[in-house]
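In my numbering, the protein residues as written are 43 to 412.
Here a beta-carbon is modelled for each residue, glycine too, at the ideal position from N, C-alpha and C.
Presented below is the structure to which this report refers.
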Ligand SMILES: Nc1ncnc2c1ncn2[C@@H]1O[C@H](COP(=O)(O)OP(=O)(O)OP(=O)(O)O)[C@@H](O)[C@H]1O
Ligand SMILES: [Mg+2]
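Quick look at the structure:
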């Protein structure tokens, strides 16, 4: 009897020990994750502080016609620095702060003047371009085509028919953006806006594992959000700014997959086209502003439509018209190639000649053709 009790006690002790060990392991893993997050957060905080120092010199109250009440309204709407006002349009300020158009113009002009937003020398521009990060696609050929990868500080748009790999590239970039610079990343977190319900964490998991990364950490650093309609999609962009500015999340890549699906289904028919384009214009403007203000990469996927006006070559054209074309810094057309491969073609980029490359999609992610 006594022996049995001792045995039961011993078993209990052993069980507790195992539980303790598991708890300890979990806690140390959590601690490690937190430490990693902290390092990234600290780096970003430094950058935010630097920015604050630059903008601190002039407060928006110093602008003509901006009293305390107007300044408050402007701040609430996110116009809290000279730069944000200098790049705003009079229409935006009239709508938000209830200013007359003449006052709005005067404010913007003064902000531009104070910001010394005139010409920059070639060297200054080169210096700015030096800070641009590049995110690898995991295919050397594709990276070479893009002169290193997809760039921060701008919008990269990939368009192509169904199954051409737009979503797969988005998943791969969401993993790679988190890598250190030497490995083709920008050491940042990712916001993944999914408007079609095609984001697959299990794909991210296998892509991360193939690079010997911890899938839990990688998935932790990607904030997925499903966009339910075009208004919601637009609102999410403001929310991302909030995450960067107020919650200090070091977001370095924003994926929008896909840009046009809601806009296309909500605005049907010729009569609604100008309304749609107006809204789309604001959306693109917001995305570009986000990319340039926080030096982050925006990756957009876009659908295609048949263009009957093209008789020779591939008659597919991206949807969204000039508004999307102008805001995108780099446009890439992807299509299915021979034997299950994919072909990417750079269509419109200021620093890349029009050229193409082939790659493939594997269980591990985007890869070169062997
Ligand atoms: N685990 C995997 N292993 C290998 N190939 C895969 C895997 N998952 C997806 N693919 C390939 O990726 C293709 C789908 O690509 P993707 O979803 O990126 O297309 P898309 O351009 O986003 O299309 P859509 O316009 O429909 O959104 C599939 O047809 C398949 O060939
Ligand atoms: Mg897709």
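The nearest non-hydrogen atom of ligand 2 is 7 Å or more from the C-beta of residue 203. The set of residues with a C-beta under 7 Å from any non-hydrogen atom of ligand 2 comprises 208, 209, 238, 240, 299, 300 and 343, given in chain order. Looking at the DSSP output, residue 360 bridges to 346. Across the set 157, 152, 153 and 118, the C-alpha of 118 shows the shortest separation from the C-alpha of residue 138. Per the coordinates, the alpha-carbon of residue 142 lies some 17 Å from the alpha-carbon of residue 103. Contact holds between the region 247-265 and the region 227-236, because three or more Cβ pairs, one in each stretch, are under 8 Å apart.
For residue 120 and residue 289, the gap between their C-alpha atoms comes out near 15 Å.
In the assembly as shown, residue 176 is a buried residue. Its beta-carbon has 16 or more other beta-carbons within 10 Å. In the three-state DSSP reduction, residue 196 falls in the strand class (E or B). By the Cβ neighbour-count rule, residue 273 is exposed, with fewer than 16 other Cβ atoms within 10 Å of its own.
Residue range 257-262 is occupied by the alpha helix (DSSP H) that includes residue 260.
Residue 149 is not a Cβ neighbour of residue 202, given a cutoff of 8 Å. As the crow flies, the alpha-carbon of residue 239 is around 35 Å from that of residue 135. Straight-line measurement puts the Cα of residue 332 at about 21 Å from the Cα of residue 393. The Cβ-Cβ distance between residue 360 and residue 344 falls below 8 Å. Note on geometry: alpha-carbon atoms of residue 324 and residue 131 lie some 11 Å from one another.
Between ligand 1 and the CB of residue 404, the shortest heavy atom gap is smaller than 7 Å. Remark: the shortest separation between the CB of residue 206 and any heavy atom of ligand 1 falls under 7 Å.
Out of 195, 208, 245 and 179, the CA that lies nearest to the CA of residue 221 is found in 179. The Cβ atoms of residue 388 and residue 374 lie closer than 8 Å to each other. Per DSSP, residue 406 lies in no alpha helix (DSSP H) and is assigned neither H nor E.
Taken through DSSP and simplified to helix, strand or coil, residue 217 comes out as helix. Between residue 278 and residue 235 the beta-carbon gap is near 6 Å, inside 8 Å, which marks them as a contact. DSSP, reduced to helix, strand and coil, places residue 184 within a helical segment of the structure shown. Annotated as distal: residue 312 and residue 206, with beta-carbon spacing of 8 Å or more. When secondary structure is reduced to three states using DSSP, residue 366 falls in the helix class.
Taking the Cα positions, residue 250 is about 19 Å away from residue 401.
Boundaries cannot be given for residue 157, as no beta strand (DSSP E) includes it and DSSP labels it neither H nor E.
Here the alpha carbons of residue 51 and residue 341 stand approximately 59 Å from one another. Rounded to whole angstroms, the gap between the alpha carbons of residue 213 and residue 146 is 42 Å. Here residue 217 is not near residue 258, since their CB atoms are 8 Å or more apart.
If the five residues before and after residue 192 are omitted, its C-beta is found closer than 8 Å to the C-beta atoms of 176, 177, 179, 198, 215, 339, 341 and 372, all from its own chain and listed in chain order.
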